[in-house]
Amino acid sequence: MQHYDLMVVGGGPGGYVAAIRAAQLGFKTALVEKQHLGGVCLNWGCIPTKALLHGANVAHTIKAAEHLGFTVDNLSFDINKLVKHSRSVADKLSQGIAYLMKKNGVVVIDGTASLADKYRLDVSHNGVVTQYKADNIILATGARARNLPTIKIDGQRVWGAREAMTPTALPRRLLVIGAGAIGVEFASLYNDLRCDVTLVEALPRIVPVEDADISALAEKAFKQRGIKVHTSTLVKALDTSGADTIAHLETASGAQTVAVDQVILAVGITGNIENLGLEQLSVATEANFIKTDAFGKTNLAGLYAIGDVAGAPWLAHKASHEAVICVEKIAGVEDVKPLNKQRVPGCTYCRPQIASVGLTEAQAIAAGHSVNVGRFNLNANGKSLAINEGDGLVKTLFDANTGELLGAHMIGAEVTEQIQGFVIAQQLEATEHELAHTIFAHPTVSESMHESVLDSLGLAIHQ
Amino acid sequence: MSSEIKAINMPKWGMEMSEGDINAWHVNIGDKVNAGDDLVDVETSKIVNTVTASGSGILRAIVANPGEAHIVGALLGVLAAADTSDADIQAFIASRSAAPAAELPTPAVAETKAAASVQLAAAPQEAAAPQHSASGMSQLAAGGDDSHVFASPVARRLAAEYGVNLNNIIGTGRHDRVSKRDLEEAVVAAGGRLIGGTTGPSSTPQFGDDSNVKATPVARRMASQLGINLFECRVSGDRGRVCKADVEAVAALKNKLSMPTSGGSSASKSEYDVKAISGMRKTIAARLQSSKQTAPHFRVQIDAEIDALLEVRAQINNANPEAKVSVNDFIVKACASALVKVPAVNVQFDGEELKYFENAHISVAVAIDDGLITPIVADANRKGLVAISQEVRDLATRAKLSRLKPEEFQGGSFCVSNLGMFGIKQFDAIINPPQGAILAVGAGEQRAVVKAGQLAVATVMSLTLSSDHRIIDGAVAAKFMSVLKGYLEQPATMLG
């Protein structure tokens, strides 16, 4: 029976990073992947959707071109070419992972893995089962889109994210159920591609994990773009018997129906914990995710879990970070620190973009902080106006006693590239004074970060 | 300049002395010392004696700290005139620590980071702060100007809020920076209450030896790449930090000291490869040769039926998700129990004196690339099977990655070597000095046995004990083996 020091199940941003780090530390390492190296993130998530949203931004730029003096005639658009671009980016990156595996001496095993016993994996590939022994097994099997009890992804009338990023034609009317990060990105994408989009959210506001101010601005921007937003609304049933799909909505003001051509279901995700042999070995799980300690260790000897399958937040960079600390802990590397979930930034690539880190204002107050809030609107920022993207806000939250940066919340142009400034400040335990004394280059959108900090001190210059 | 610097070395008191343990220093750094003054108490396996000064001078550095063991001839401290510069002292220490790398007392496979920490007179006097003592916040408030203390801005602000002097807080952040958590932990430890809804302290991180030295990031990286301990470096950077130039200075000094090895004649193509043997291989060679030459080995062998053991093992492993106990784990546990019953085998012998151990510290031989190493399950008699199993796995994992700490593989009162997984039926092992005996474990296999005149099948394992006849007699070895067999054949008895 083939033996490895460490085996990883799943080749996503958790799994492949774990495998590389393990190989670097001297483990004889193998990675089992059933489909594509790179996982959902690279093949069916973060990266291909960013490629599509890039296309959406081009559409938006063309639309706004007239204001800048351009006349755009004879405009045509082929969705197939945009999807092709998206797929080619995913393929290229997936090959990049294969190269990294080879370079680091990680053996990649094709197949579907399940635990046969403690320290034992069975990998089945084309009907052949191969047995392996490993001193350490890391499960990084990820997660998949969740269904509702009454509404299920069928790949036809109801798309999940995977179908939504590989359309062969654009739907005329689209219903997006769920206004989390995935839902609002698809709503934004298809709206820019000229579809008639209805966005439904069960909670009282869209992007409900974000700060309430950000949700309000996002909703306002979406409505201005012509997206029909229904919050505090449930989809009770979908009628797919006719040519149109009829959605029966239960809104705060009563029942309503919407006729659409296509539905995207984006109501959260569920961990891929099935068929791994977890039950027979009494591995502890909770609400479809594997329970672990702060370093990914499960209750089963030699078994670890990282990334989406180990619970929220379901973000690729959280998975990669967990991968490194899990492997380093196993190897006995000194000074490995558990992941601090309050320092995990989140980015949503709708238009305008949303980025945040740390506590929301409501969370900070609930946690007992007395909070100094800074706000700065992008319509007072020169660069944002120059690029015609004046809608947006930078909101910063500081502990009034310690000056600790508790949270930062941004909506506007390219804020996903700027949030890192606040994440670094948090990691270095900077206070509002260090940030206030930092020189931000002019003219940049990021000057708004500075102004927001100054505003928390009552010292904003430009508003 | 360095002619004024006098080394205080580990003396050799008698033929058998190879190393000594530092007990206590009689003088402090900065004290004036005259010839004949008591300097430091050193304990050998036989005696405690005092090293006296051979000349006069000021004690400028202590290299060997209490509790550490050092080989004969090792540098313990440095005497010099008051006007000798710290840089010269450091260079002197660096030159001494660079020279005798070959002579390590035990396999030196793990990190070389473990170089002794050096206290220098020039080092900041921050260690003495009575931090975390229970006598209240007022102690934390005491002290002078703390503006030089390296602290995060949040920590500094909080310190002002709490009225804490940062001199009293030991930083555990990167480069020893005082973090918010350090401060809050100190406040909690002193009985103070935390401000606001901040989170409490969690686990405290550990650091390698020279991580306490303040250094620039580039200097730290460079030192680690060049294998230089930051304690060896002078401190010339700003804010009292070792800088790049300081590390380069030590590197240059080391290059001068190390003799260029001759190129050798590589003219004609040879039928064999010539390779210098590794440090680990040298250590294995020296120790095992010495063992065979000095310890008169004799062997006793016994067979144990392990069917009952296998059944208990299956029960444990099926009942507990966290357990994957191996047969070898049972052997470690059984040896530990037997050693407590027959303490005459639980010994170390340096040729002169016998150390009898109260608890069983079992070295487990682990094969690694190009050699072997024997990590230790300490106090195995006090640990349960599952704990032993997890510990052996962790030790073996880190042994393969060369990440064991010296104390994890040096010492041990008994050794187990198991080649059963290769199907070896029986073999003899060489004693791992200064231990008195080693157990060689063969494969458990089904054999025909005679029970009450009837032929039967049982799972049988052959065990062979090699003992040092200078200290363990045949009857003692035989008694140990029969007790061990009893535990293995009736595993419930060792759980009591």
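One line per chain: the protein sequences are A and B, in this order. At position 378 of the first sequence the residue is numbered 383 (the working numbering), and the sequence of numbers has no breaks. At position 401 of the second sequence the residue is numbered 536 (the working numbering), and the sequence of numbers has no breaks. Beta carbons: idealized from backbone N, C-alpha and C, even for Gly.
Within the region 400-432 of chain A, Asp404, Ala405, Asn406, Thr407, Gly408, Glu409 and Leu410 place their CB atoms closer than 9 angstroms to a CB of chain B, listed in sequence order. Straight-line measurement puts the Cα of Ser371 (chain B) at about 30 angstroms from the Cα of His205 (chain B). In terms of Cβ geometry, Val133 (chain A) and Thr203 (chain A) do not form a close pair [threshold 8 angstroms]. Contact annotation, Ile278 (chain A) with Trp319 (chain A): C-beta distance approximately 14 angstroms; criterion of less than 8 angstroms not satisfied. A distance below 8 angstroms between beta-carbons, with the five flanking residues on each side excluded, links Leu175 (chain A) to the following residues of its chain, in chain order: Ile84, Tyr195, Leu198, Arg199 and Cys200. Around the beta-carbon of Phe615 (chain B), 16 or more other beta-carbon atoms lie within 10 Å, marking it buried. In the DSSP assignment, Arg125 (chain A) falls within the unbroken beta strand (DSSP E) covering Arg125 to His130. Residues of chain B whose Cβ lies closer than 8 angstroms to the Cβ of Ser287 (chain A) are, in chain order, Pro456. Of all residues in the region 382-396 of chain A, none has a C-beta nearer than 7 angstroms to a C-beta of chain B. Residues are counted here when their Cβ sits less than 9 angstroms from a Cβ of chain A; for the region 506-536 of chain B these are Val521, Ser524, Gln525, Arg528, Asp529, Ala531, Thr532, Arg533, Lys535 and Leu536, given in chain order. Against chain A, a Cβ distance below 7 angstroms from Arg292 (chain B) picks out Thr407, Gly408 and Thr436. Across the structure, Arg292 (chain B) and Leu440 (chain A) are spaced so that their CA atoms are roughly 15 angstroms apart. Separation of Gln136 (chain A) and His8 (chain A) (C-alpha to C-alpha, rounded to the nearest whole angstrom) is 9 angstroms. Residue contact with chain A for Pro352 (chain B): absent (no Cβ-Cβ distance below 8 angstroms to any residue of chain A). Using a CB distance below 8 angstroms, the part of the region 129-163 of chain A facing chain B consists of Asp140 and Asn141, ordered along the chain. With the criterion set as a beta carbon lying under 9 angstroms from some beta carbon of chain B, the members of the region 289-311 of chain A are Ala289, Ala299, Thr303, Asn304, Leu305, Ala306, Gly307 and Leu308, in sequence order. Among the residues facing chain A, Val289 (chain B) is included, as its CB has a counterpart in that chain under 8 angstroms away. Just measuring C-alpha positions, the residue of B:Asp156, B:Phe557, B:Gly165 and B:Leu211 sitting nearest Glu178 (chain B) is B:Asp156. The beta carbon of Ser273 (chain B) sits no closer than 8 angstroms to any beta carbon of chain A. With a cutoff of 8 angstroms on beta-carbon distance, Leu126 (chain A) and Met6 (chain A) are scored as not near each other. Taking 8 angstroms as the cut-off, the Cβ atoms of Asp438 (chain B) and Ser537 (chain B) do not count as close. Contact between Val353 (chain B) and Val313 (chain B) is ruled out by a C-beta separation of about 22 angstroms, above the 8 angstroms threshold. For Leu153 (chain A), there is no enclosing alpha helix (DSSP H), as DSSP marks it with neither H nor E. When rounded, the separation of the alpha-carbon atoms in Pro172 (chain A) and His41 (chain A) is 20 angstroms. Using a CB distance below 8 angstroms, the part of the region 306-329 of chain B facing chain A consists of Ser314 and Lys315, ordered along the chain. By the 16-neighbour rule on beta-carbons within 10 angstroms, Gly373 (chain A) is exposed.
Just measuring C-alpha positions, the residue of A:Asp218, A:His253, A:Leu36 and A:Ala148 sitting nearest Asn141 (chain A) is A:Leu36. For secondary structure counted as the beta strand (DSSP E) over 3 or more consecutive residues, the region 585-629 of chain B holds these complete runs in sequence order: 589-603. Exposure of Asn169 (chain B) is indicated by the presence of fewer than 16 other C-beta atoms within 10 angstroms of its C-beta. Within 9 angstroms of the CB of Leu30 (chain A), the CB atoms of chain B belong to Leu536 and Arg538, in sequence order along the chain.
In this structure the region 238-250 of chain A does not lie against the region 213-223 of chain A, because fewer than three pairs of beta carbons, one per stretch, are closer than 8 angstroms. Sequence-ordered contacts of the region 323-338 of chain A with chain B read Ile335, Ala336, Gly337 and Val338 [C-beta pairs closer than 9 angstroms]. Bounds of the alpha helix (DSSP H) holding Arg291 (chain B) are Pro288 to Tyr297. The Cβ atoms of Val409 (chain B) and Ala229 (chain B) lie no closer than 8 angstroms to each other. Taking every protein chain shown into account, the CB of Arg355 (chain B) has 16 or more other CB atoms within 10 angstroms, so this residue is buried. By the C-beta density criterion, Glu139 (chain B) is exposed, having fewer than 16 other C-beta atoms within 10 angstroms.
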